[in-house]
Amino acid sequence: MPTLDRITQRADVMGGKACIRGLRVTVGMVVGQIATGRSVADLLADYPYLEHEDIFQALAYAA
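Numbers 16 to 78, taken from the numbering used here, label the letters of the sequence shown in order.
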């Protein structure tokens, strides 16, 4: 199982939903964007504070 050290859950951030590195970007949002056909490059362009590994860990967490 891969290490998911970029996925955080805190009650005071986004109501405790799984987020990327404590940011207000949820795993569900990332997965939803990929599911609608957006590419990793699209997400990185739209959210410049995200990194490749953030997206891959979000997908691994959801799986």
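Here a beta-carbon is modelled for each residue, glycine too, at the ideal position from N, C-alpha and C.
query: How far does the alpha helix (DSSP H) with methionine 44 in it reach, from first residue to last?; result: 42 to 50
query: Can you tell me which of His67, Pro17 and Arg21 puts its alpha carbon nearest to the alpha carbon of arginine 39?; result: Arg21
query: So which of Gly52, Val42 and Tyr64 has the shortest CA-CA distance to leucine 74?; result: Val42
query: Give the straight-line distance between the Cα atoms of cysteine 34 and threonine 51, rounded to the nearest whole angstrom.; result: 19 Å
query: Report the rounded CA-to-CA distance for tyrosine 62 versus isoleucine 70, giving the unit in angstroms.; result: 11 Å
query: Which residues in the same chain have their Cβ closer than 8 Å to the Cβ of glutamine 24, if we skip the five residues on either side of it in sequence?; result: Gly31, Lys32, Ala33 and Cys34
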